[in-house]
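This report concerns only the one structure given below.
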Amino acid sequence: MHLGHKVQQIDPVSKTVHFENGKTSQYEHLLTTMPITNLLQCLSVEDEYLKSIDTSEFLYSSAYILGFGIEGPQVEAYKDISWAYFPEKELPFYRVTWLHNYSDKVVPDISKHWSLLIEVNQNSVPKGATDQEILDMNEKAFRETGIIGPDCKIVSYFIRFLKLSYPVPFLKREEIIGKLVPYLEDKYQIYTRGRFGDWIYEFSN
Ligand SMILES: Cc1cc2nc3c(=O)[nH]c(=O)nc-3n(C[C@H](O)[C@H](O)[C@H](O)COP(=O)(O)OP(=O)(O)OC[C@H]3O[C@@H](n4cnc5c(N)ncnc54)[C@H](O)[C@@H]3O)c2cc1C
Numbered sequence: 000m001h002l003g004h005k006v007q008q009i010d011p012v013s014k015t016v017h018f019e020n021g022k023t024s025q026y027e028h029l030l031t032t033m034p035i036t037n038l039l040q041c042l043s044v045e046d047e048y049l050k051s052i053d054t055s056e057f058l059y060s061s062a063y064i065l066g067f068g069i070e071g072p073q074v075e076a077y078k079d080i081s082w083a084y085f086p087e088k089e090l091p092f093y094r095v096t097w098l099h100n101y102s103d104k105v106v107p108d109i110s111k112h113w114s115l116l117i118e119v120n121q122n123s124v125p126k127g128a129t130d131q132e133i134l135d136m137n138e139k140a141f142r143e144t145g146i147i148g149p150d151c152k153i154v155s156y157f158i159r160f161l162k163l164s165y166p167v168p169f170l171k172r173e174e175i176i177g178k179l180v181p182y183l184e185d186k187y188q189i190y191t192r193g194r195f196g197d198w199i200y201e202f203s204n
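Number 61 in numbering that gives the first Met the number 0 belongs to position 62 of the sequence shown; there are no gaps in the numbering.
Right, dumping it as structure tokens:
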């Protein structure tokens, strides 16, 4: 098990994975969940078909993932909620998860703390906004909607930009993926799977 090793190159003929830290590993069959676009860039092999695939055709959305750790009373209306979608245009976030409702272990003291996991599409954020500005505009929206009550204080913040957030279907996807995935399996024993591994998400959560 090689934890924390970033794959830099894969030689599918000698079946060798080269990691960024200089280490290598041999395999018989390779199961990968990295984005298929990255996989194609990692493959080091003279293969005209693989080289002909234009990875810029693969569409995706990008998002900021925010976390708010909150001290204060939970708002009654949201006490039992797992997650909710917010399609309203004026709100920066599109989905909120009341994380402490999954486990009280995600907060220091469930009698006074609760937590939100917030997803914000990149397009809902003004270009060039800093992390602090993104946190502030979301806090403001949460306070205005009443999801965070006036007696609550945000005591911890988290923010991370996910360039690859959701795979977006595109017109030639089935054609490209339908040929590419079995090709990699049959010719190189590489099995690419998962959210971005085969670029299909519609049937998942
Ligand atoms: C904020 C958020 C909330 C979500 N909530 C839910 C939910 O409530 N319910 C639900 O069912 N799903 C949810 N999902 C979706 C779920 O997390 C994903 O669908 C699932 O994790 C996808 O699994 P995967 O194995 O396909 O990909 P990932 O979990 O993305 O795994 C891909 C792995 O490949 C690694 N990798 C990439 N490139 C390299 C490289 N060069 N070298 C080495 N490793 C590499 C990455 O580090 C990563 O660990 C959520 C996703 C997000 C972002």
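Backbone N, C-alpha and C fix where the C-beta goes; we use that ideal spot for every residue, glycine too.
Exercise. Quick one: what does DSSP say Arg-192 is sitting in, helix, strand or coil?
Worked result: In the structure shown, Arg-192 sits in coil (DSSP, three-state: anything other than H, G, I, E or B).
For this session: Could you tell me if the beta carbon of Glu-118 falls within a distance shorter than 7 Å of some heavy atom in ligand 1?
Result: For Glu-118, the distance from the CB to the nearest heavy atom of ligand 1 is below 7 Å.
Problem set entry | First through last residue of the alpha helix (DSSP H) which encompasses Val-180 | DSSP places Val-180 inside the alpha helix (DSSP H), whose first and last residues are 172-187.
Exercise. What residue from His-112, Ser-24 and Lys-50 has the CA that sits closest to Leu-179's CA?
Worked result: Closest option to Leu-179, Cα to Cα, is Lys-50.
For this session: Using a threshold of 8 Å, state whether the C-beta atoms of Ala-83 and Val-74 are closer than that.
Result: Taking 8 Å as the Cβ cut-off, Ala-83 and Val-74 do not qualify as a contacting pair.
For this session: For Asp-10, name the three-state secondary structure that DSSP assigns.
Result: Here Asp-10 sits in strand by DSSP.
Problem set entry | Segment limits, beta strand (DSSP E) that includes Phe-208 | Outside the shown range of the chain, which is 0 to 204, sits residue 208, and nothing can be said about it.
Problem set entry | Under the three-state DSSP convention, the category Thr-36 falls into | Per DSSP, reduced to three states, the secondary structure at Thr-36 is helical.
For this session: Going by CA-CA distance only, name the one from Leu-39, Asp-197 and Asn-37 that's closest to Glu-173.
Result: It is Asp-197.
Exercise. Are there three or more Cβ pairs, one per stretch, closer than 8 Å when the stretch 24-33 is compared with the stretch 52-63?
Worked result: When C-beta atoms of the stretch 24-33 are compared with those of the stretch 52-63, fewer than three pairs fall below 8 Å, so the two segments do not count as touching.
Exercise. By Cβ distance below 6 Å, which residues in the same chain neighbour Gly-68 in space, the five residues on each side in sequence not counted?
Worked result: Shown here for Gly-68: same chain residues with a beta carbon closer than 6 Å to its own, the five before and five after excluded, namely Ser-114, Val-154 and Ser-155 in chain order.
Exercise. Cβ of Arg-159 within 7 Å of any heavy atom in ligand 1?
Worked result: For Arg-159, the shortest C-beta to heavy atom distance toward ligand 1 is 7 Å or greater.
Problem set entry | Through-space distance from Phe-85 to Phe-160, alpha-carbon basis | Rounded to the nearest whole angstrom, the C-alpha separation of Phe-160 and Phe-85 is 20 Å.
For this session: For Tyr-101, name the three-state secondary structure that DSSP assigns.
Result: In this structure, Tyr-101 counts as coil in the three-state DSSP scheme.
Exercise. Quick one: is Asn-20 buried, meaning 16 or more other Cβ sit within 10 Å of its Cβ, or exposed?
Worked result: With fewer than 16 Cβ atoms within 10 Å of its Cβ, Asn-20 is classed as exposed.
Exercise. Between Glu-118 and Ala-62, is the Cβ-Cβ spacing less than 8 Å?
Worked result: In this structure, Ala-62 lies closer than 8 Å to Glu-118 by Cβ.
For this session: Could you check the C-alpha separation between Tyr-26 and Ser-164 for me, to the nearest Å?
Result: Using only the alpha carbons, I get a separation of about 29 Å.
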